[in-house]
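Residue numbers (the UniProt record's numbering), protein chains in the order written: chain A, 1 to 519; chain B, 1 to 519.
To keep things clear, I will list the structure first and then write my remarks on it.
Protein chains: 2
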Amino acid sequence: MNENSLNGAESLVQTLLDGGVDTCFANPGTSEMHFVAALDRIPGMHCVLCLFEGVVTGAADGYARIKGKPAATLLHCGPGLANGLANLHNAKRANTPVVNIIGDQATYHRPFDAPLTADTEGWARPVSVWTRTATTAASVGTAAATAIQAASAAPCGVASLILPSDVCWDAGGQVAKPLAPIPTPKVAPDVVAQMARVLRSGQPTLLLLAGRALEQDALGSAHRIAAATDARLLSTTMNPRVARGRGRLAVERLPYFGDMARTKLAGIANVILVGTPVPATFFAYPGKSPRPYPDDAVVHVLARPEEDLADALARLADELNAPPLTSTAALPANPEPGSGAITSQAVAQSLNALLPENAIVVDESVSFGHAFYPGTLNAAPHDWLQVTGGAIGDGLPMALGAAIAAPDRRVVALQADGSGMYTVQALWSMAREKLDVTIVVLANRKYAILQHELASVGATTGKTALDMLDIGNPDLDWVQLANGMGVAAARVDTLEQFNERFAQANRTPGPFLIELVIA
Amino acid sequence: MNENSLNGAESLVQTLLDGGVDTCFANPGTSEMHFVAALDRIPGMHCVLCLFEGVVTGAADGYARIKGKPAATLLHCGPGLANGLANLHNAKRANTPVVNIIGDQATYHRPFDAPLTADTEGWARPVSVWTRTATTAASVGTAAATAIQAASAAPCGVASLILPSDVCWDAGGQVAKPLAPIPTPKVAPDVVAQMARVLRSGQPTLLLLAGRALEQDALGSAHRIAAATDARLLSTTMNPRVARGRGRLAVERLPYFGDMARTKLAGIANVILVGTPVPATFFAYPGKSPRPYPDDAVVHVLARPEEDLADALARLADELNAPPLTSTAALPANPEPGSGAITSQAVAQSLNALLPENAIVVDESVSFGHAFYPGTLNAAPHDWLQVTGGAIGDGLPMALGAAIAAPDRRVVALQADGSGMYTVQALWSMAREKLDVTIVVLANRKYAILQHELASVGATTGKTALDMLDIGNPDLDWVQLANGMGVAAARVDTLEQFNERFAQANRTPGPFLIELVIA
């Protein structure tokens, strides 16, 4: 194709493809029509249509967590971006690379303040590591290449590229070559030496691991350190991706609730951070510390999120002369699935037994799922993805994105019903793309987490208040919701039925939704 | 209740009630638990639970358009606000009063940047006429009273009040008395005189009416002016609320598409604005004017949106010595409903015949509905509500809000399928509240408006591009979607079936959804 003949949108699509961005989650509008038209002229972009922008951005989050490179989004003006912000917030907290493309009013039309005009840049900036508006067709290619570079620089993030419609339709588009990746900085030697001194002090010390520090090689170094120094290992509470299961190194998570975390960390004198900011409890509670560790603990930093975490841990292990890991005794394979009453522990036992090899688990199970993560340590090897920013409604979209990223793997979405409704439109895209996703909806028909929270804040609970936490009037019928969007589904109300349906769904191509009714 | 015993949340609820805000659309989270608890201690607030924040804000938009006073929202932190921004954008464009309450991190917790922390104020500001964060329990009452006043001052708007959780749970809440409404300014006499001179010039002149200028008394003055001067009357394209139907004064709308608008306004020398900014086409198109009127037309302002529009029109009519209106010939009542092929015109004919007396029509019919508004001029008297900001997904939530505002009236939601999916969760709240809403889903199974737009921008259309505009793979089953949320529903594929179902639904208490399949 002659570059001189390209319009801005075509230069965008070609630059994205050249930069390795070959998947786009899209909910286009009028201002994106030239991008859509460019898809025909320049083949190679897998464009996944979504029926709501929160699905678009959550799918981009899930995709990149699995694929290790960004997808593009395609959003329509400020309000379209706004609908996608909550999951971009989650992506920001996960340090997920996303090339976030927002079509907008033509440069010369914006001053007229047409009805759809909004503060697109202002809304994008708080969730983005990089925000730009291209103002000429000739600059779109360079802007796109820079967006890919910015999104992919450690610790990664959302790069928001706003494209007025005229810069897309104008001639003079120039394809930009991919820019060299920005190197990930390594931790200074004196930092490693200082952390070794802390660990040798004999004081109770916690290594708090996050992000890439949870990859198996980095985790191996962490376990060497722990074995050599008696340091405690924990991961942060919400993690973008953890490789785990039989034969893999494991690490427990810092508990969500402050009281439980502080109990767990009682007596800790030093907290060494590896790829995480100083942790705070998710919320404040009256009269309680905002920190999950003891008030007198000293916080140290081995490596910041943007630094090379695996390298820092390996060098620290070496500095401590920590011996290599010896293999641990293998845990028994394929234990029995759960049976009897439908409890969190029993469902976890079923997951532990029945999770398919190399599955991707997307966990937005909120309150009912508290036993799932600890209870699946011995499942077949799998990846575990969580909602990282506390904005519910990322589960189903992430499952969609992960399935697009890994069409050869089964995705298992463990989905609370209340949060599942936020972005329920993701089911339709799963059906459209015929993705191998098993969705388990945990139908307790209330915002159970909030009943707990209502008690935590010491609030009284009368009928009017409790009504606000009750989504069981009327009950949602998830089988009909799924069927209505082209996804096969079944309702189960015993664990035995669940085990059967779950195993069957995981063997059957395409998406399947199981509504697990929790009494 | 002893005021000294109130916490901040309780002072908030009481201040809202004292200020006439007695309805709250809510999707609460942890930081809002004290507000929820306060509902039990202070009775009188009708709290409507919604399963997604876009439903909350759209419902608040629809409620206030009918009720003429604001509802409160209850949203959870920055991401919860973000999910509601698109419909707050619509509310902003409609000049709808909304008291937009956002719970957030405790004042002392915010600096720790817990996962859910976001730029709540920054996201709220672009859609708000007033944005404040309360920082002490004692100031919550005054902040709430000021928010009501700010939201209600002409031309009205969104007042965003951010409440950190500690200011809600701390003691010392003070109920604030309602503040006096801010007077609506009247247009200066010389402006009226000048507009009269323009109208007497004999040049072709358009009066472009918006907002309260479309209420019957104001419209009466506009018709007097038109009859006395040969001025043309048009309303803006998207209007928050128009009272119309048999026996009421009517006014045509400025066409959505620029080409059609410019054709209609060919030869116009003067445009007099009444309650609207200078109009621009919704989008720019390559090589076309961004204005819907001739390039050489002169734009004048009779009254700005925040001024007293009815007064300005009445004074202008008097200045022109325009005679009172004579009654027009009554149009025939109850014409026959449409039959045969399912066209926009035929469905409009059915609506014209079958719309119930005093109905509230919520129109998000997008492309297929182009004949609905002109075709229902002779229907039983009704109010017509439109999406005003171009952010689709306001239709079903507005219908919910309007039905809460007017439980004695039938709400008829004319809903395109693509945009209906954005905030489909509104159906559940309609079922929960047992609201008299008839939802007509126009199931053409594509983003038809975008097929038009793709052609308008001169783009080519191949298979990949068209796939992005096709939501028929798989088809959505609206009957199952509705049933899944507790709403009774039926699919019809002939106009005769539609007529029967529509009439029946309008006679039957509670919500009913009709999926009208458009071949």
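C-beta atoms are modelled at their ideal positions from N, C-alpha and C, and glycine is treated no differently.
Gly-401(A) sits in a helix when the DSSP states are folded into three classes. Contact annotation, Ile-404(A) with Glu-433(A): C-beta distance approximately 7 Å; criterion of less than 8 Å satisfied. In its chain, beyond the 5 residues on either side, Leu-249 and Leu-325 have a beta carbon closer than 8 Å to the beta carbon of Gly-220(B). Per DSSP, the continuous beta strand (DSSP E) segment holding Val-441(A) begins and ends at 437-443.
Interface residue (Cβ-Cβ distance to chain B less than 8 Å): Tyr-422(A) is classified as such.
Residue Leu-12(B) holds the alpha-carbon nearest to the alpha-carbon of Gly-172(B) among Leu-12(B), Gly-211(B), Thr-494(B) and Ala-243(B). Flagged as an interface residue toward chain A: Gln-105(B), by a C-beta distance shorter than 8 Å.
Within chain B, Pro-126 have C-beta atoms less than 7 Å from the C-beta of Asp-119(A), given in sequence order. For His-300(A), the beta-bridge partners assigned by DSSP are Ile-272(A). Where Glu-307(A) is concerned, there is no enclosing alpha helix (DSSP H), because DSSP gives it neither an H nor an E. The distance from the Cβ of Val-361(A) to that of Leu-385(A) is about 7 Å, consistent with a contact at the 8 Å cut-off. Using a CB distance cut-off of 8 Å, Ser-31(A) counts as an interface residue toward chain B. Residue pairing for Glu-500(A): DSSP places it in no beta bridge.
Positions of the beta strand (DSSP E) runs, each at least 3 residues long and wholly inside the region 336-368 of chain A, are given as 359-364 in order along the chain.
Taking a beta-carbon distance threshold of 8 Å, Trp-169(A) counts as an interface residue toward chain B.
In the same chain as Ile-518(B), and ignoring 5 residues on each side of it, the C-beta atoms closer than 7 Å to its own belong to Ile-342, Phe-368, Leu-442, Ala-443 and Asn-444, in chain order. Excluding its 5 nearest sequence neighbours in each direction, Tyr-63(B) has C-beta neighbours in its own chain below 7 Å: Thr-23, Ala-71, Gly-401, Ala-402, Ile-404 and Ala-405, listed in chain order. Between the alpha carbons of Thr-229(A) and Pro-79(B) lies a distance of about 41 Å. At a cut-off of 8 Å between beta-carbon atoms, Gly-390(B) makes contact with chain A. Annotation: the continuous beta strand (DSSP E) that includes Val-98(A) extends over 98-104. Residue contact with chain B for Pro-155(A): absent (no Cβ-Cβ distance below 8 Å to any residue of chain B). Judged by DSSP in its simplified three-state form, Val-191(A) adopts helix. Using a C-beta cut-off of 8 Å, the region 174-183 of chain B makes no contact with the region 207-215 of chain B, since fewer than three inter-stretch Cβ pairs fall below that distance. Judged by DSSP secondary structure, Gln-386(A) falls within the beta strand (DSSP E) whose first and last residues are 382-386. Under the 8 Å criterion on CB atoms, Val-299(A) is classed as non-interfacial with respect to chain B. About 4 Å separates the beta carbon of Ser-31(A) from that of Ser-165(A), a gap short enough to meet the 8 Å contact definition. Using beta-carbon distances, Leu-163(B) does not count as an interface residue toward chain A, since no partner is under 8 Å.
Taking Thr-96(A) as the centre and dropping the five residues before and after it, the same chain places the C-beta of Asp-61, Ala-64, Arg-65, Cys-156 and Pro-240 closer than 7 Å to its C-beta, in chain order. Look at Thr-57(B) here: in three-state DSSP terms it is helix. The criterion of a C-beta distance shorter than 8 Å is not satisfied by Ala-159(A) and Asn-90(A).
Under the Cβ distance rule, Met-485(A) counts among the residues neighbouring chain B, one pair being separated by less than 8 Å. In chain A, no part has a C-beta under 7 Å from the C-beta of His-382(B); the shortest such distance is about 23 Å. For the region 254-285 of chain B, the residues whose beta carbon sits under 9 Å from a beta carbon of chain A are, in order, Pro-277, Val-278, Pro-279, Ala-280, Thr-281, Phe-282, Phe-283, Ala-284 and Tyr-285. Residue environment: His-382(B) is assigned as buried (16 or more neighbouring CB atoms within 10 Å of its CB, all protein chains considered). The residue from Leu-16(B), Arg-244(B), Met-468(B) and Ala-231(B) with its alpha-carbon nearest to that of Met-45(A) is Met-468(B).
Using beta-carbon distances, His-109(A) counts as an interface residue toward chain B, with a partner under 8 Å.
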